[in-house]
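Accompanying notes for the structure given below.
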Amino acid sequence: MVTLGDSFISGEAGRWAGNSNESADGYSGTDRAFAPATDTTDPHRVYGTSYDDGCNRSDSAEVNSARLRAQRLNLACSGATSTAILLPEHGGSPFKGEPSQAQQLQKAVTGRPVRAVVVSIGGNDLGFEDVITSCAKNFVKPIGAAPCAPAWGPEVRKRLPAMRTAAVKALADVTTAMNRAGHAKGSYRLVLQSYPSPLPGGARVRYPGEKYDRLTQGGCPFFDKDLTWAHDELVPQISTTLAAAARTAGAEFLDLSRAFEGREVCSDTTVHAGPGRQPSGSTSEWARFVTSGAGQGQRQESMHPNYYGQLALGTCLGLQLDRGRENHSCVNSAGSGPGAMRLRPVPDQTPNRASAPPRTSSPQMPRLTSL
Numbered sequence: 001m002v003t004l005g006d007s008f009i010s011g012e013a014g015r016w017a018g019n020s021n022e023s024a025d026g027y028s029g030t031d032r033a034f035a036p037a038t039d040t041t042d043p044h045r046v047y048g049t050s051y052d053d054g055c056n057r058s059d060s061a062e063v064n065s066a067r068l069r070a071q072r073l074n075l076a077c078s079g080a081t082s083t084a085i086l087l088p089e090h091g092g093s094p095f096k097g098e099p100s101q102a103q104q105l106q107k108a109v110t111g112r113p114v115r116a117v118v119v120s121i122g123g124n125d126l127g128f129e130d131v132i133t134s135c136a137k138n139f140v141k142p143i144g145a146a147p148c149a150p151a152w153g154p155e156v157r158k159r160l161p162a163m164r165t166a167a168v169k170a171l172a173d174v175t176t177a178m179n180r181a182g183h184a185k186g187s188y189r190l191v192l193q194s195y196p197s198p199l200p201g202g203a204r205v206r207y208p209g210e211k212y213d214r215l216t217q218g219g220c221p222f223f224d225k226d227l228t229w230a231h232d233e234l235v236p237q238i239s240t241t242l243a244a245a246a247r248t249a250g251a252e253f254l255d256l257s258r259a260f261e262g263r264e265v266c267s268d269t270t271v272h273a274g275p276g277r278q279p280s281g282s283t284s285e286w287a288r289f290v291t292s293g294a295g296q297g298q299r300q301e302s303m304h305p306n307y308y309g310q311l312a313l314g315t316c317l318g319l320q321l322d323r324g325r326e327n328h329s330c331v332n333s334a335g336s337g338p339g340a341m342r343l344r345p346v347p348d349q350t351p352n353r354a355s356a357p358p359r360t361s362s363p364q365m366p367r368l369t370s371l
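Position one of the sequence shown corresponds to residue 1 (full-length UniProt numbering), numbered consecutively onward.
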């Protein structure tokens, strides 16, 4: 089984088992790179040598945590766009010093049986990080702070068709690489997955009132309107667009958009680890809170599935590959850990639905803890 694509499948943020603002004891046991016996921290314990170039392939990434009997190969890299997958003759180029992922795939699977190739791509082509960063900056502006959704909503809708095209091209080059390696289409499972929402809607935040505790404690510096837009419109729009790309490319589709429901950053059904409260897959957040990188961990880990989130997505992937070649959405079980994920059928959607308009649905900067 091989995974390709970006940070959401490479295992970015798998270092963190939940979130905490308490620095003692490896941030209350959330930092898996911390060794209590030696009182040392080394991200290589989680990311291996991929930490050196920033690809951040964690030991808990989907390919490693899925419950399947198979050898596993993770070629995904944090920050990758579709260009990082493409073959050189189609515009692909090395990314972070590594060859095209399709090239690596072809070389790795030549003469070897393949059960599945799983791809996560599109978010960086769309500029998802730019959206999140812009919304967070709007929240912390001392003057003129305002939600970002009114400006970004129309811009995202304009970018979605290009994201769909990029995903289709990437999947086509994956198929070409597999053909060149001796694997005919249909002899293996080709799966395109979407992204889980790292944030809840504005009505489900445990820090009400749009105050600065969202920044200093929660690591979710966003207005209610932006949270609701990201959760209710942005993530579903991305998922619908990727579903259309999978259909065009002849791939299966795994919808993860609601996989973290109730386990998002700052969700009112989660808690931070701290003194007397150990992290837990049933109570902790499943995504990394926003961090500047000046304190705990790296900025690039922000808003990505953490250790528990990676385990949950691995469970989803295992369930998908244990079923027939249908499209599914994966959801969690309230109050349960990452092992209790469930699949639901995904109905066919019209190809152009993703491009249609969505349905409608300061003080001085304080000292930062989680950021």
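A virtual CB, placed ideally from N, CA and C, is assigned to each residue, including glycine.
- Straight across, the Cα-Cα distance linking T38 with E89 is about 49 Å.
- A Cβ-Cβ contact shorter than 8 Å links E12 with S78.
- Among the bridge pairs identified by DSSP, N74 is matched with T3.
- Residue state for L254 is assigned as strand, using DSSP reduced to three classes.
- S187 is the residue among R164, S187, T165 whose C-alpha sits nearest the C-alpha of T175.
- The segment 185–199 makes contact with the segment 252–260: 3 or more CB pairs, one atom from each, lie closer than 8 Å.
- Looking from the CA of S7, the closest CA among A287, H328, P338, T165 belongs to A287.
- In the DSSP annotation of this structure, the continuous segment of the beta strand (DSSP E) that includes P345 starts and ends at 342–345.
- Judged by beta-carbon spacing, V346 lies beyond the 8 Å limit of A249, meaning their Cβ atoms are not closer than that value.
- Per DSSP, the beta bridge partners of Q193 are L254.
- At a cut-off of 3 residues, the continuous stretches assigned as beta strand (DSSP E) that sit fully inside the segment 66–146 are 116–120.
- In the assembly as shown, P94 is an exposed residue. Its beta-carbon has fewer than 16 other beta-carbons within 10 Å.
- In this structure R258 is in contact with S329, their Cβ atoms being roughly 7 Å apart against a cut-off of 8 Å.
- Per the coordinates, the alpha-carbon of A166 lies some 44 Å from the alpha-carbon of R277.
- C220 sits close to V265, with the two beta carbons spaced by under 8 Å.
- Beta-bridge annotation (DSSP): F34 is paired with T41.
- The straight-line gap separating the alpha-carbon atoms of I85 and G91 is approximately 10 Å.
- The residues N124, D125, in chain order, have a CB closer than 6 Å to that of T81 in the same chain once the five nearest residues on each side in sequence are set aside.
- Under the three-state reduction of DSSP, V156 is assigned to helix.
- Burial check for D226: the Cβ neighbour count within 10 Å reaches 16 or more, so the residue is buried.
- Straight-line spacing of the CA atoms in Q217 and N21 works out to 7 Å.
- If you keep only unbroken alpha helix (DSSP H) runs of at least 4 residues inside the segment 274–347, you get 307–322.
- When rounded, the separation of the alpha-carbon atoms in F34 and L321 is 34 Å.
- Spatial neighbours of P208 in its own chain (CB-CB distance under 7 Å, excluding positions within 5 residues in sequence) are not present.
- DSSP, reduced to helix, strand and coil, places S60 outside both helices and strands of the structure shown, so it counts as coil.
- Annotated three-state conformation of S187 is coil, per DSSP.
- Sequence-distant Cβ neighbours of G281 in its own chain, meaning closer than 6 Å and more than five residues away, are Y308, G337, P338.
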